[in-house]
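Position 32 of the sequence shown, counting from 1, maps to 943 under the numbering used here, and the rest follow consecutively. First the structure, in the form of structure tokens, and then the observations on it.
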Amino acid sequence: MDKFLVIEEAQEILKRDPKSIQAHLALGNAYLLKRDIPKAGKSFEEVIQIAPDNPAGYFHKGRILLAQRNSFRMPPTSRIPSDGFITKRISSPVRLPI
């Protein structure tokens, strides 16, 4: 479905039912496809405000944070260990006082 059509339909639904979680989610996803991160974030924040126990709002808010992070220059992946964790390698054992 065309993202512009989804935006129009979701906005129409929200005029009749401003607390429609499905309409806010559809609107946020359509804005995310358009790369309109601020509007997408606002839609997902509305879901969290309306239904704080619904995990969908938090999941999609996480997608927004990832999209924002990816818009910044990230360090080369060659500096990140293959296990995905940034850890300090200890060359000798550490003795802790007992």
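We treat Cβ as the ideally placed atom computed from N, Cα and C, and that holds for glycine.
Check	Outcome
Just verifying my parser: in three-state terms, what is the DSSP assignment at Ser954?	helix
Have a look at Glu923, Pro963, Asp964 and Ala934 and flag the residue whose alpha-carbon is nearest the alpha-carbon of Ala951.	Ala934
If you draw a straight line from the alpha carbon of Leu943 to that of Lys930, how long is it in whole angstroms?	20 Å
So the candidates are Ile918, Arg974, His971 and Ala962; which of them puts its Cα closest to the Cα of Leu938?	Ile918
Please report the residue range of the alpha helix (DSSP H) in which Ala962 lies.	Where Ala962 is concerned, there is no enclosing alpha helix (DSSP H), given that its DSSP letter is neither H nor E.
In whole angstroms, what is the alpha-carbon distance linking Asp913 and Ile948?	18 Å
Given Arg927, which residues of its chain have a CB within under 6 Å of its CB, disregarding the five upstream and five downstream residues?	none
For Pro929, name the three-state secondary structure that DSSP assigns.	coil
Please tell me whether Ile961 and Ile932 are closer than 8 Å, where the distance is taken between their beta carbons.	yes
Taking all protein chains shown into account, do 16 or more other C-beta atoms lie within 10 angstroms of the C-beta of Glu923, making it buried, or fewer, making it exposed?	exposed
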